[in-house]
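For the sequence shown, my numbering gives the first residue as -7, with consecutive numbering after it.
The beta carbon of each residue, even a glycine, is placed where N, CA and C say it ideally should be.
Computed from a predicted structure; not experimentally measured.
Encoded as structure tokens, the structure appears first; notes follow it.
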Amino acid sequence: MTEKLTLRVENSLSSIAPQRWGELSGTRRGGVTPFNPFLSHAFLSSLEESGSASSKTGWLGHHLLLEDATGRLIGAVPGYLKSHSQGEYVFDHSWADAFERAGGDYYPKIQCAIPFTPATGPRLLTGAGDAAAATVQATLAAGLAEVARQTGVSSAHVTFLPEEELPALEEAGFLHRTDQQFHFINKGYANHEEFLGELSSSKRKNLRKERRQALENGITIDWLTGSDLTEDIWDQFFTFYMDTGSRKWGRPYLNRRFYSLIGERMADDILLVMAKREGRYIAGAINFIGEDTLFGRHWGCIEDHAFLHFEVCYHQAIDFALAHKLTRVEAGAQGEHKLARGYLPVTTHSAHYITHPGLRRAVADYLKQERRQVEYTGEVLTEHSPFRKGERQDGISIRRDSDGHDEPDL
């Protein structure tokens, strides 16, 4: 691009018009780029305005904006200046420890991601159908590396990005990392039974039994979306989130105001799967509805019932996806237990720019070994697919599981 461009950093989404952001992030339904609820101005601004993602919580907005000579926004990267490595799901704690033992300061760092959300989506935002998209992406990638150098941070990390954005980042000096999640792929199944028909007979039998047992004790399931999402419902769900989150890892990231804000701004893009017993809700899982994907996030409960977690989080998500002709369910981070329930491993990608030469060499060597292990473990997981021998779902690459987690997830 020969025209004069300006790259600047903005600390808050509130200073960016929702329409301008939406033109880049592909958040308008029916556009060329599939709708991704997590990239929407509504979702990101709700995180900031609620205080869930703020300087106080270690997520200071650091959004990169690329403007042309007229001041028109032509590219952006959602980013944050981080003072820790929590809520990211791509774990660099060992890198931080090694660098600080060697006398370096790993924090602050730049994190280009959706806070607390391990869902793949565009990170180098250029606007759907832009003929100069590749050039804009290359400019954003090079600009992000330059911002890291000029601000003196140890590193810049772009996590859960689509594979097609990797070339621009690698050209700018970023290191490629792979990991794995478990997704359900809808091959056009008419219903859950048709999907089960592709599993081995033993797996089919086990899952039918599991679903029956999950709903014993008079438990029923409701799907709540849109106008169903009242403040009373959010109160109940937040109780589940706080109870389970506090027991699992001690400090839930999201506050009550966040749920009110997304309820106001994007209720039609949210699905709560709620379990009821004896007239009251006892458990629930929150999902976000994309153009063609149901994104499962966190769950919580105030009563323990065998297999209820699997029913609410995985089986019901498949039912909803089939009923609404969605092509995929992304069930969040973690979980080889998802494999037996029809969720197969897929590769996730991240890119990392390390400013210190010594740390960069060490990380690059580690990532080479890690990628080999990812590939090997994926081959082993392939053999344990629940589908009948010799069958697998199209378009799936097998990769290994994460080796930990830092917030409650599906």
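{"Check": "Endpoints, the beta strand (DSSP E) within which valine 321 is located", "Outcome": "320 to 322"}
{"Check": "Exposure label - glycine 67; buried when at least 16 CB within 10 Å", "Outcome": "buried"}
{"Check": "Lysine 332 to tryptophan 13 span [Cα, whole Å]", "Outcome": "The sequence given here places alanine at residue 332; lysine does not occur at that position. Their Cα atoms are separated by approximately 39 Å."}
{"Check": "Reduced DSSP secondary structure (H/G/I, E/B, other) of threonine 170", "Outcome": "strand"}
{"Check": "Given 8 Å, three or more beta-carbon pairs between the stretch 53 to 64 and the stretch 299 to 315", "Outcome": "no"}
{"Check": "For threonine 118, the first and last residue of its enclosing alpha helix (DSSP H)", "Outcome": "Threonine 118 -> no alpha helix (DSSP H), and no H or E assigned at all."}
{"Check": "Cβ pair count under 8 Å reaching 3, the stretch 328 to 346 against the stretch 172 to 180", "Outcome": "yes"}
{"Check": "CA nearest to the CA of glutamate 2, picked from His307, Leu65 and Thr236", "Outcome": "Leu65"}
{"Check": "Segment limits, alpha helix (DSSP H) that includes valine 372", "Outcome": "349 to 374"}
{"Check": "Glutamate 2 - DSSP class collapsed to helix/strand/coil", "Outcome": "strand"}
{"Check": "Simplified DSSP assignment, three categories, for threonine 143", "Outcome": "helix"}
{"Check": "Through-space distance from isoleucine 281 to glutamate 208, alpha-carbon basis", "Outcome": "28 Å"}
{"Check": "Contact under 8 Å by Cβ, threonine 109 with phenylalanine 30", "Outcome": "yes"}
{"Check": "Reference aspartate 220; option with closest CA among His33, Arg196, Thr212 and Ile262", "Outcome": "Ile262"}
{"Check": "Beta-carbon proximity check, serine 46 vs serine 6, cutoff 8 Å", "Outcome": "no"}
{"Check": "As assigned by DSSP and simplified to three states, the class of methionine 234", "Outcome": "helix"}
{"Check": "Distance CB(leucine 318)-CB(aspartate 357) smaller than 8 Å", "Outcome": "no"}
{"Check": "Rounded Cβ spacing between alanine 323 and tyrosine 306 (contact assumed at less than 8 Å)", "Outcome": "6 Å"}
{"Check": "Buried versus exposed call for arginine 272 [16 or more other C-beta atoms within 10 Å across all chains shown]", "Outcome": "exposed"}
{"Check": "Residue environment, glycine 210, which counts as buried when at least 16 other CB atoms sit within 10 Å", "Outcome": "exposed"}
{"Check": "Same chain only: Cβ atoms within 6 Å of isoleucine 346, ignoring 5 sequence neighbours per side", "Outcome": "Ser147, Arg352 and Val355"}
{"Check": "Closest by C-alpha distance to glutamine 142, when choosing among His297, His316, Glu295 and Arg0", "Outcome": "Arg0"}
{"Check": "Cα-Cα separation, glutamate 399 to serine 238", "Outcome": "With a pLDDT of only 35 at glutamate 399, under 50, the local geometry of the prediction cannot be trusted, and no value is derived from it."}
{"Check": "Beta-carbon contacts of alanine 160 that lie in its chain and below 6 Å, excluding the five residues immediately before and after", "Outcome": "Gln129, Ala130 and Ala133"}
{"Check": "4-residue-minimum alpha helix (DSSP H) runs that sit fully inside the stretch 192 to 216, ordered along the chain", "Outcome": "193 to 206"}
{"Check": "DSSP-derived helix/strand/coil call for glycine 165", "Outcome": "coil"}
{"Check": "Coil, strand or helix - leucine 188 by DSSP", "Outcome": "helix"}
{"Check": "Proximity of histidine 479 and glycine 96 at Cβ, strictly below 8 Å", "Outcome": "Only positions -7 to 402 of the chain appear in the structure, and residue 479 is not among them; the question remains open."}
{"Check": "Exposure label - histidine 316; buried when at least 16 CB within 10 Å", "Outcome": "exposed"}
{"Check": "Endpoints, the beta strand (DSSP E) within which arginine 103 is located", "Outcome": "One detail in the question is off: residue 103 reads as glutamine in this sequence, not arginine. Taken as a continuous stretch (DSSP letters only), the beta strand (DSSP E) holding glutamine 103 covers 101 to 104."}
{"Check": "In DSSP terms, what phenylalanine 458 is bridged to", "Outcome": "Since the first and last residues shown for the chain are -7 and 402, residue 458 lies out of range."}
{"Check": "Counterpart residues of phenylalanine 279 in DSSP-defined beta bridges", "Outcome": "Here residue 279 is asparagine; the residue named in the question, phenylalanine, does not match the sequence. Its beta-bridge partners are Leu263 and Gly288."}
{"Check": "Cα-Cα separation, lysine 179 to phenylalanine 232", "Outcome": "33 Å"}
{"Check": "For proline 10, the first and last residue of its enclosing alpha helix (DSSP H)", "Outcome": "10 to 17"}
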